[in-house]
């Protein structure tokens, strides 16, 4: 919805990014803790939610990157443990830090 509002094409799911994201989510669930991937082959956002409580995100200041028009593909992985649910969103690193999000005229 946000990407459409900004005039960007929908994201496509990548099977390789989904496999990588699922692997990260499984590892977090197995260890019952939230942590990021040190290998950094892809950029990622990781989240967890305790049963019956809100969601927690590993601290990142650039969540707007997911709205960048340059981002084309993502992968999502979700895993559960006895203590909660863990999720990972992986995406390619073709985003440039100088990119800005343009709001279409008349929709500010």
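Numbering (the numbering used here), first residue to last: 1487 to 1594.
Even for Gly, the Cβ is constructed at its ideal location relative to N, Cα and C.
Distance from the Cα of residue 1518 is smallest, within the candidate group 1567, 1574, 1575 and 1578, for 1567. The shortest C-alpha to C-alpha distance from residue 1515 to any of 1575, 1577 and 1569 is the one to 1569.
The C-beta distance from residue 1561 to residue 1507 rounds to 4 Å, short enough to fall under 8 Å.
CA-CA distance, residue 1529 to residue 1490, rounds to 22 Å. Excluding the 5 residues flanking it on each side, residue 1494 has same chain C-beta neighbours closer than 6 Å at 1555, in chain order.
Collapsing the DSSP output to three states places residue 1561 in a strand. When DSSP states are grouped into helix, strand and coil, residue 1577 belongs to the strand group. Going by beta carbons, residue 1520 and residue 1509 fall outside the 7 Å limit.
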